[in-house]
Amino acid sequence: MTMKANKIDQLVWAAVFSETDEDKAAARAKLARAGREAGIVPASINDFYLARGREELPLDFTVPAINIRGMAYNTARAAFQAAVEDEVGAVIFEIARSEMGYTAQPPHEYVAVITAAALREGWSGPLFIQGDHFQAKTNDKGQPKINEIESIKTLIKNSLSAGFYNIDIDMSTLVDLKQADINDQQKPNAHYSAQLTKWIRELEPKGVTVSVGGEIGHIGGKNSTVEDFRAYIDQYQAQLPAGMTGMSKVSVQTGTHHGGVVLADGSLADVDVDFSILSKISRVARDKYKIGGTVQHGASTLPDEYFAQFVQSEAIEVHLATGFQNIIMDHDVFPKDLLKKMHAWLDKNKADERKPDQTDEQFYYKLRKKAWGEFKRQTWEIDDEIQARLRETLRERFSFMYRELNVVKTQNLVQSVVKPTVVKKDEKEFVAQAEAPNDVEGLAD
1 MTMKANKIDQ LVWAAVFSET DEDKAAARAK LARAGREAGI VPASINDFYL ARGREELPLD
61 FTVPAINIRG MAYNTARAAF QAAVEDEVGA VIFEIARSEM GYTAQPPHEY VAVITAAALR
121 EGWSGPLFIQ GDHFQAKTND KGQPKINEIE SIKTLIKNSL SAGFYNIDID MSTLVDLKQA
181 DINDQQKPNA HYSAQLTKWI RELEPKGVTV SVGGEIGHIG GKNSTVEDFR AYIDQYQAQL
241 PAGMTGMSKV SVQTGTHHGG VVLADGSLAD VDVDFSILSK ISRVARDKYK IGGTVQHGAS
301 TLPDEYFAQF VQSEAIEVHL ATGFQNIIMD HDVFPKDLLK KMHAWLDKNK ADERKPDQTD
361 EQFYYKLRKK AWGEFKRQTW EIDDEIQARL RETLRERFSF MYRELNVVKT QNLVQSVVKP
421 TVVKKDEKEF VAQAEAPNDV EGLAD
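Number 445 marks the last residue of the sequence shown (this note's numbering); no jumps.
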């Protein structure tokens with residue numbers, strides 16, 4: 001029996017804003033059960049990507065991984081609405097470690113919201129939810145902060161419990177470019193990536209092989225090379241036990257920045273993206289290692305004509321975040337008084353993150369993502385008519401992305417490869433999950 005729209009709306013509200021953990025857990029359990037009944041099952045994209053690595057799938061599509069920071073339910077609804085219209089199955093919904101903190105969206109809540117949005121729009125299929133940039137904070141290159149790896153392990157445990165069956169390990173912050181030898185540069189990155197992969201394999205539910213991603217170049221830093229990739233993946237694989245599944249993809253740096261480079265007037269600077277990095281490393285990844293390919297970060301604010309080039313460059317995945325945030329906050333119907341309150345909150349609470357030479361436009365553009373958590377309820381309560389206008393604009397943008405990345409009509413392709421394992425939990429497990437500690441403090445992405 002299909003759940004009515006108003007019931008879904010009520011349940012997702014309760015899953016996010018109920019006063020007690022017990023009430024939140026009850027709502028999340030009902031949404032999970034309704035999702036299963038509708039064929040919406042948290043799944044790993046691992047088999048799909050490894051099939052691409054063996055070239056058993058076409059090389060002419062790039063999977064969008066969508067980071068949802070604010071107005072999560074409405075944004076996800078727009079993404080699913082476009083996915084239903086375009087028969088999209090190859091799409092990932094993700095949230096970074098740092099985003100969980102400043103948007104106040106812990107793993108269990110995020111899964112409930114995405115599931116509710118899929119139900120609301122009548123979408124079904126394997127639901128790929130991903131932990132993005134599970135990243136190590138560091139004091140010195142090559143060394144994570146004290147207890148940092150344990151914090152990430154705790155986050156991984158809670159994320160897997162929630163239904164995150166795709167985890168992007170980001171130890172690129174540990175790459176030590178002061179070392180002359182490339183192997184030495186990538187050594188700590190490979191070491192901790194392998195350590196966390198083994199932790200994931202130890203905890204993943206029976207019947208689920210979590211998709212694990214690695215990263216060889218910190219976004220905004222030095223462009224990646226084939227030599228960087230080989231040095232990383234060879235050392236990484238050498239540290240895994242025989243027969244253990246490794247990673248399905250690797251993120252590389254091609255010249256982009258998260259959110260783009262903001263000029264003094266608030267506009268974005270032109271970015272020179274080296275697409276050849278994606279194609280060269282993807283080819284080696286498939287040919288030698290049978291890995292799906294390369295991942296591009298920091299892409300949502302690039303010019304429209306760039307997106308088809310990710311497909312041409314055989315990138316397997318592209319991460320999209322700030323562009324959707326911009327659509328919401330810069331939309332002519334987004335409440336101006338609310339935006340002023342968000343800016344005022346940044347002035348008071350994030351002044352220490354303002355650089356001396358930043359204009360107001362640069363400061364607000366760079367930091368406004370950090371106001372989502374403080375104003376989560378207020379943005380959720382925006383007038384229904386305004387939310388509908390925002391959803392329609394977002395739907396148009398998602399549809400554009402799906403077409404440009406050539407994931408239209410991929411539902412059957414995905415379902416022919418990915419056979420999700422249903423991991424059922426009783427309500428007590430949802431309560432325990434809600435009460436579990438979540439280390440979501442991280443580096444701003």
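Positions of the beta carbon are idealized from the N, C-alpha and C atoms, including for glycine. Nothing here was measured: the structure is a model prediction, and the numbers come from that model.
Within its own chain, the residues whose Cβ lies closer than 8 Å to the Cβ of leucine 346, once the five positions on either side in sequence are excluded, are Phe363, Tyr364, Leu367, Arg368, Lys370 and Ala371, listed in chain order. Sequence-distant partners of glycine 292 (beyond 5 residues in either direction) whose C-beta falls short of 6 Å from its own C-beta, in its chain, are Tyr49, Arg52, Gly53, Ser248, Lys249 and Ile316.
With a cutoff of 8 Å on beta-carbon distance, leucine 174 and proline 188 are scored as near each other. Per DSSP, reduced to three states, the secondary structure at aspartate 234 is helical. About 13 Å separates the CB atoms of valine 212 and isoleucine 152; that is not less than 8 Å, and the two are not in contact. Per DSSP, reduced to three states, the secondary structure at glycine 293 is coil, with no helix or strand assignment.
Looking at the DSSP output, valine 41 bridges to Pro126. The way I'd put it, the region 314-328 does touch the region 387-395; three or more beta-carbon pairs between them come closer than 8 Å. Methionine 244 counts as exposed, since fewer than 16 other beta carbons sit within 10 angstroms of its beta carbon.
By the C-beta criterion, the region 179-195 is judged not to be in contact with the region 22-30, since fewer than 3 inter-stretch pairs fall below 8 Å. Contact check for glutamate 404 against phenylalanine 307 passes: the beta carbons are separated by less than 8 Å. One alpha carbon belongs to arginine 28, the other to proline 241, and they sit about 36 Å apart. Per DSSP, proline 64 is one residue of the beta strand (DSSP E) stretching across 63-67. When secondary structure is reduced to three states using DSSP, threonine 359 falls in the coil class, being assigned neither helix nor strand. Annotation for valine 318: the continuous beta strand (DSSP E) segment containing it runs 317-320.
Under DSSP, glutamate 94 takes part in a beta bridge, and its partners are Asn67 and Gln130. Here the region 95-109 does not lie against the region 331-350, with fewer than 3 beta-carbon pairs under 8 Å apart.
Out of Phe134, Ile233 and Phe93, the CA that lies nearest to the CA of alanine 43 is found in Phe93. Looking at the DSSP output, proline 144 shares a beta bridge with Thr138. Exclusion of the five residues before and after alanine 90 leaves Val63, Val407, Thr410 and Val414 as the residues of its chain whose Cβ lies within less than 6 Å of its Cβ. For a cut-off of 8 Å, the C-beta gap from alanine 162 to arginine 395 is around 26 Å, too long to register as a contact.
Your pair valine 210 and isoleucine 167 checks out as a contact, with CB atoms roughly 6 Å apart and the cut at 8 Å. Look at isoleucine 169 here: in three-state DSSP terms it is strand. A contact between stretches requires three or more CB pairs, one per stretch, nearer than 8 Å, and the region 228-239 meets this requirement with the region 191-204.
Contact check between the region 11-19 and the region 111-121: three or more CB pairs, one atom from each, fall below 8 Å, which counts as touching. For the pair aspartate 132 and glutamate 150, the Cα-to-Cα distance works out to about 17 Å.
For lysine 249, the beta-bridge partners assigned by DSSP are Gly213. Spatial neighbours of alanine 112 in its own chain (CB-CB distance under 8 Å, excluding positions within 5 residues in sequence) are listed in chain order as Val12, Ala15, Val16, Ala27, Arg28, Leu31 and Ala32.
One alpha carbon belongs to tyrosine 102, the other to isoleucine 68, and they sit about 12 Å apart.
DSSP, reduced to helix, strand and coil, places threonine 379 within a helical segment of the structure shown.
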